[in-house]
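For this note's numbering, add 31 to where a residue sits in the sequence shown, where the first one is 1.
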Amino acid sequence: MDELVSVMVIYRILAYCKAIARNILKYIKRSEYHLILKKKNSNYRPMPHEIYTRQKLEELCKFPKGKIDACNEMGDFYELSIIVPAYNVEQYIEKCVESILNQKTKYKFELIIVNDGSTDNTYSIIQQYKNRKNVVIINQENGGHSSARNSALKHINGKYLMFVDSDDYILPGAIDALLDKAIQNNADMVEGSAFSFYDNGKISRFFRHWSSLNSISPIDTFYGYPWGKVIKSVLFSDIKFPDGFWFEDTLFVMILYPKATNSYTIKKEVYAYRVNMSGITQTAKKNFRSIESLWITEYLMGEQKKRNLLSESTYNQFFDQIAMNDARVRQLGNEVRKMVFEESVRLYQLYYKNCFFSIHSEKAKKLHNYIIAFNEEMALTLLENWNYL
32 MDELVSVMVI YRILAYCKAI ARNILKYIKR SEYHLILKKK NSNYRPMPHE
82 IYTRQKLEEL CKFPKGKIDA CNEMGDFYEL SIIVPAYNVE QYIEKCVESI
132 LNQKTKYKFE LIIVNDGSTD NTYSIIQQYK NRKNVVIINQ ENGGHSSARN
182 SALKHINGKY LMFVDSDDYI LPGAIDALLD KAIQNNADMV EGSAFSFYDN
232 GKISRFFRHW SSLNSISPID TFYGYPWGKV IKSVLFSDIK FPDGFWFEDT
282 LFVMILYPKA TNSYTIKKEV YAYRVNMSGI TQTAKKNFRS IESLWITEYL
332 MGEQKKRNLL SESTYNQFFD QIAMNDARVR QLGNEVRKMV FEESVRLYQL
382 YYKNCFFSIH SEKAKKLHNY IIAFNEEMAL TLLENWNYL
């Protein structure tokens, strides 16, 4: 019996030592990587890819080269510029455009439609609106959603702007409801309620604001989408959407929202979002390009620091972003999930390790503690249940 007890004690000691050694190794690797990131503009070269999680991830999905720096000249002839990028949406584009042009509003607005190299009848349908004085049509070779939006940003002449996807539509009274609140309060952004729906008309989800609120930071109150809101155009004077990235809308949560200091929500439903089963949101789940959710997070955190946008709000949003990144790569398997989480830990060390911001939610506090302890297993379990906590 004594021998059995001794064996069990030795086994536990060995297991404990193994766990300590594993965490020490992780700490060493993270510290080395932190040094590499600091020296990324020098001639310093990382060690072979077997050592670094980042290099393994880049073998699966290259880091895109798109940037957000821009110099957009903004006019103010109109109160509102509405941007609609369009690619192969012949069955939807007319309803989208009509929902905008049929708005009964006291405000002057322009509609900028960008045909992004469509190969169906989209461009022909758009052409029927070319003689409208407040409609601008841009025809370009296919460059992707970001490219189409960026082309429109170079031509806007409105104090505020709105993004509408070409398979969606805005609801009656949307322009007046949003601009009334924006102009009365000189707001940076105003967001209304919305809903998503399937092609058969069935409602998928509601995006509701139950009351009209004034918020210094929209990070805490807005949904993370470009649609359903008006934005003061000047906020886009020095930025654009990053070409080549999937999940380019992350620009809103990580850059646009931190730039806004006077934002409002309204109760009125203003937007109808079509659930596209062939869109990136659905198709990315088993595609290695879903790793770009991590890459765009890394890139935009660097931009946050460069533009002095890091704050308590961005700190708390970072934990939600980790959960979003994990959800997007989950179907690629646990090995990829672990690597993405480890990269998130390194980003924490680089940007927030020495900060003293408060953490607002209990689940974020738990995730923070798991990051500090390098507790990968508990962190991934927490992230799986993030939306239910």
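For each residue, glycine too, the CB sits at the ideal point set by N, CA and C.
Here the structure is a predicted model, which means the values were calculated and not measured.
Residue i to residue j, Cα distance in whole Å?
| i | j | result |
| --- | --- | --- |
| Tyr-118 | Ser-130 | 18 Å |
| Phe-272 | Ser-177 | 5 Å |
| Arg-76 | Gln-86 | Residue placement at Arg-76 cannot be trusted, given a pLDDT of 47 that sits under 50; the coordinates are not used to answer. |
| Asn-165 | Tyr-109 | 9 Å |
| Asp-198 | Asp-274 | 21 Å |
| Phe-238 | Ser-149 | 30 Å |
| Leu-411 | Arg-377 | 16 Å |
| Tyr-295 | Glu-90 | 43 Å |
| Pro-301 | Leu-210 | According to the sequence as given, residue 301 is Val; it is not Pro. Their backbone Cα atoms lie some 12 Å apart in a straight line. |
| Gly-223 | Ser-248 | 16 Å |
| Asn-152 | Asp-196 | 17 Å |
| Lys-96 | Met-332 | 15 Å |
| Lys-185 | Asn-293 | 25 Å |
| Lys-396 | Gly-106 | 44 Å |
| Gly-255 | Phe-283 | 7 Å |
Around the C-beta of residue i, are 16 or more other C-beta atoms found within 10 angstroms, so that it is buried, or is it exposed?
| i | result |
| --- | --- |
| Ile-402 | buried |
| Ile-143 | buried |
| Phe-387 | exposed |
| Asn-173 | exposed |
| Asn-216 | exposed |
| Ala-404 | exposed |
| Glu-393 | exposed |
| Met-308 | exposed |
| Arg-180 | buried |
| Arg-163 | exposed |
| Gln-122 | exposed |
| Gln-171 | exposed |
| Tyr-58 | Below a pLDDT of 50, predicted positions are generally treated as unreliable, and Tyr-58, at 49, falls in that range; no measurement from the model is reported. |
| Lys-70 | Below a pLDDT of 50, predicted positions are generally treated as unreliable, and Lys-70, at 43, falls in that range; the measurement from the model is reported next regardless. Its Cβ having fewer than 16 others within 10 Å, Lys-70 is exposed. |
| Glu-366 | exposed |
Of the residues the options, which one's Cα is nearest the Cα of residue i?
| i | options | result |
| --- | --- | --- |
| His-240 | Phe-226, Leu-132, Asp-230, Lys-233 | Phe-226 |
| Asn-416 | Ile-286, Ser-268, Met-355 | Met-355 |
| Met-193 | Val-284, Ser-264, Met-332, Ser-344 | Ser-264 |
| Ile-353 | Thr-281, Ser-389, Arg-305, Asn-307 | Thr-281 |
| Tyr-304 | Ser-392, Lys-394, Gly-259 | Gly-259 |
| Pro-116 | Gly-175, Gly-97, Asn-103 | Gly-175 |
| Ile-270 | Val-360, Phe-319, Glu-334 | Glu-334 |
| Thr-345 | Asn-318, Arg-359, Asp-251 | Asp-251 |
| Met-409 | Phe-372, Thr-84, Asn-146 | Phe-372 |
| Trp-277 | Phe-319, Asn-293, Phe-253 | Phe-319 |
| Ile-322 | Ile-297, Ala-291, Glu-279 | Glu-279 |
| Ile-168 | Val-145, Gly-106, Ile-113, Lys-397 | Val-145 |
| Met-370 | Ser-324, Lys-212, Glu-343 | Ser-324 |
| Gly-204 | Asp-219, Gln-380, Lys-135, Phe-94 | Lys-135 |
| Ala-101 | Ala-183, Val-128, Ile-157, Glu-374 | Ala-183 |
| Glu-104 | Phe-267, Phe-140, Leu-381 | Phe-267 |
| Asn-347 | Asp-357, Asn-339, Tyr-379 | Tyr-379 |
Consult DSSP for residue i and reduce its assignment to one of helix, strand or coil.
| i | result |
| --- | --- |
| Leu-420 | coil |
| Asn-356 | helix |
| Glu-110 | strand |
| Asn-188 | coil |
| Val-306 | coil |
| Val-284 | helix |
| Met-332 | helix |
| Arg-236 | strand |
| Asn-385 | coil |
| Gln-159 | coil |
| Ile-99 | coil |
| Gln-134 | coil |
| Lys-260 | strand |
| Asn-216 | helix |
| Gln-171 | strand |
| Met-193 | strand |
| Phe-140 | strand |
| Ile-270 | strand |
| Lys-407 | According to the sequence as given, residue 407 is Glu; it is not Lys. In the structure shown, Glu-407 sits in a helix (DSSP, three-state: H, G or I). |
| Met-370 | helix |
| Ser-177 | helix |
| Lys-93 | coil |
| Asn-152 | coil |
Going by DSSP, name the residue or residues bridged to residue i.
| i | result |
| --- | --- |
| Pro-116 | Val-145 |
| Glu-300 | Ser-224 |
| Ser-246 | Ser-294 |
| Tyr-200 | Ala-303 |
| Val-166 | Leu-142 |
Using a Cβ-based criterion (distance less than 7 Å to any ligand heavy atom), does residue i qualify as near the ligand ATP?
| i | result |
| --- | --- |
| Glu-374 | As for the ligand ATP, it is missing from this structure, which has no ligand bound. |
At least one CB of chain C closer than 8 Å to the CB of residue i: is that the case?
| i | result |
| --- | --- |
| Ile-131 | Protein chains in the displayed structure number just one, and chain C is not present. |
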